[in-house]
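**Student:**
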Amino acid sequence: MIENLSDDARTRDHPVVAAPFSMRFYAGAPLVSANGYIMGTLCAMGTQPKSLDPRAIDALRRLADQVTRQLQGEAPRSDSALSAPASGRAPVGGQFHSQSSIMFTDFVGFTRHTETLEPAELLETLARYFNAFDKLCKRHNLVRIKTIGDAYMAVAGIPKANADHARDAVAAALAIRDFVAADNKARVALGDPAWEIRIGVHSGPVISGNLGEQGSLDIWGDSVNVAARLEAASAPGQVNISEATLAQVGIAAVEARGLLPVKYKAPVKMYFVERLQ
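So for the sequence shown, the working numbering puts the first residue at 24; every next one is plus one.
Structure follows, in structure tokens:
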């Protein structure tokens with residue numbers, strides 16, 4: 024999205040900016056085949072500078088999905104431009120998803136636990152939490168992507184498209200938050216240290232695929248990076264979501280945190296979610 028074509032160094036000298044076209048606004052969504060190859064771009068343009076809110080951006084992506092389905096329905100199944108990569112290598116299951124919600128969780132002060140607990144106890148506790156997270160994610164239609172140390176990553180809206188992906192992801196995050204909070208009450212009552220968790224959720228497009236013959240499902244894209252940053256910017260016992268996610272979850276009780284800096288990214292509007300309604 025370019026809010027003012029005449030102010031952007033990439034476009035201010037483009038012919039469409041000059042008369043008689045005098046275009047000022049541009050937004051584009053990629054048309055990506057089921058195999059993950061770009062077929063084109065769905066563009067929206069206007070003669071006045073403007074911006075799109077998260078709902079409008081989501082609507083543009085949905086429209087691009089509809090156009091993509093129409094194009095693929097008309098294209099012959101043998102079309103090599105859509106079915107095979109230029110390198111001639113076999114596809115690895117790559118797929119573009121214009122709509123998804125990514126959830127990251129992380130235990131606060133995990134290094135302290137590694138220093139104070141026996142290795143067997145540490146792994147047993149971590150496995151117990153992750154097994155519970157798996158069940159809660161399955162209940163809310165999320166797919167676990169992977170764990171990295173004490174971090175847990177899951178996604179809603181893939182591999183099967185789901186219009187409620189944002190709400191599902193936030194519901195799963197709240198369920199995990201509440202599970203850990205209840206478990207900590209029991210741990211403290213027994214004299215054990217609490218395992219505090221922080222959670223981040225962001226909605227946007229991702230690419231999914233399996234790398235290697237034995238590779239498991241993984242996802243890539245800017246949305247994944249933003250979700251990880253939201254988790255890092257969260258607080259113990261809190262679910263931190265982006266404006267893009269909030270725009271899609273419907274009615275929710277939230278605490279607005281304002282526009283906060285994100286490492287290596289533009290600032291993002293963030294919200295602590297208390298509950299869904």
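All C-beta atoms in this analysis are idealised placements derived from N, C-alpha and C, irrespective of residue type, glycine included.
What you are looking at is a predicted structure, and each value in this text was computed from that prediction instead of being measured.
Give, in chain order, every unbroken run of the alpha helix (DSSP H) that is at least 4 residues long and sits entirely within the segment 194 to 258.
**Tutor:** Counting whole runs of 4 or more residues, the segment 194 to 258 contains the alpha helix (DSSP H) stretches 245 to 255.
**Student:** Can you tell me where the alpha helix (DSSP H) with Arg167 in it begins and where it stops?
**Tutor:** Translated into positions along the sequence shown, residue 167 becomes position 144. Per DSSP, Arg167 belongs to no alpha helix (DSSP H); it is in the beta strand (DSSP E), 165 to 171.
**Student:** Alpha carbon to alpha carbon, how far is Ala267 from Pro77?
**Tutor:** Translated into the one-based positions of the sequence shown, residue 267 becomes position 244. Translated into the one-based positions of the sequence shown, residue 77 becomes position 54. Spanning the two alpha carbons is a distance of roughly 5 Å.
**Student:** Start and end of the beta strand (DSSP E) containing Pro182?
**Tutor:** One-based indexing of the sequence shown puts residue 182 at position 159. No beta strand (DSSP E) contains Pro182, which DSSP labels as neither H nor E.
**Student:** Is the beta carbon of Ile222 less than 8 Å from the beta carbon of Ile199?
**Tutor:** Here residue 222 refers to the residue found at position 199 of the sequence shown. Here residue 199 refers to the residue found at position 176 of the sequence shown. Going by C-beta atoms, Ile222 is nearer than 8 Å to Ile199.
**Student:** Tell me, to the nearest whole angstrom, how far the beta carbon of Asp191 is from that of Asn164; I am working on the premise that it is less than 8 Å.
**Tutor:** Here residue 191 corresponds to residue number 168 of the sequence shown, with the count starting at 1. Here residue 164 corresponds to residue number 141 of the sequence shown, with the count starting at 1. So it is a contact: roughly 5 Å between Cβ atoms.
**Student:** In the DSSP assignment, what are the bridge partners of Lys292?
**Tutor:** Here the question's residue 292 lines up with position 269 in the sequence shown. Per DSSP, Leu282.
**Student:** Alpha carbons only, please: which of Gln71, Ile274, Asp173 is nearest the one belonging to Thr134?
**Tutor:** Here the question's residue 134 lines up with position 111 in the sequence shown. The shortest Cα separation from Thr134 among Gln71, Ile274, Asp173 belongs to Asp173.
**Student:** Over the uninterrupted alpha helix (DSSP H) stretch that includes Ala143, give me the two end residues.
**Tutor:** Here residue 143 is taken as the residue at index 120 of the sequence shown, counted from 1. Element bounds for Ala143: 142 to 162.
**Student:** Would you check if the distance between the CB atom of Gln271 and the CB atom of Phe295 is smaller than 8 Å?
**Tutor:** Here residue 271 refers to the residue found at position 248 when the sequence shown is read from its first residue. Here residue 295 refers to the residue found at position 272 when the sequence shown is read from its first residue. No, they are not a contact pair.
**Student:** Is Met176 closer than 8 Å to Phe127 when the C-beta atoms are compared?
**Tutor:** Along the sequence shown, read from residue 1 onward, the residue named residue 127 stands at position 104. Along the sequence shown, read from residue 1 onward, the residue named residue 176 stands at position 153. Contact: yes.
**Student:** Check whether the segment 78 to 89 touches the segment 49 to 57, counting contact only when three or more Cβ pairs, one atom from each stretch, lie closer than 8 Å.
**Tutor:** These segments touch.
**Student:** Looking at Asp245: is its Cβ nearer than 8 Å to the Cβ of Gly232?
**Tutor:** Reading the sequence shown from its first residue, position 222 is the one you call residue 245. Reading the sequence shown from its first residue, position 209 is the one you call residue 232. The answer is no: Cβ separation not under 8 Å.
**Student:** Does DSSP classify Pro38 as helix, strand or coil?
**Tutor:** Within the sequence shown, residue 38 is the residue found at index 15, counting from 1. Helix, per DSSP.
**Student:** I'd like the span of the alpha helix (DSSP H) that includes Phe133, first residue to last.
**Tutor:** Here residue 133 is taken as the residue at index 110 of the sequence shown, counted from 1. 133 to 139 is the extent of the alpha helix (DSSP H) around Phe133.
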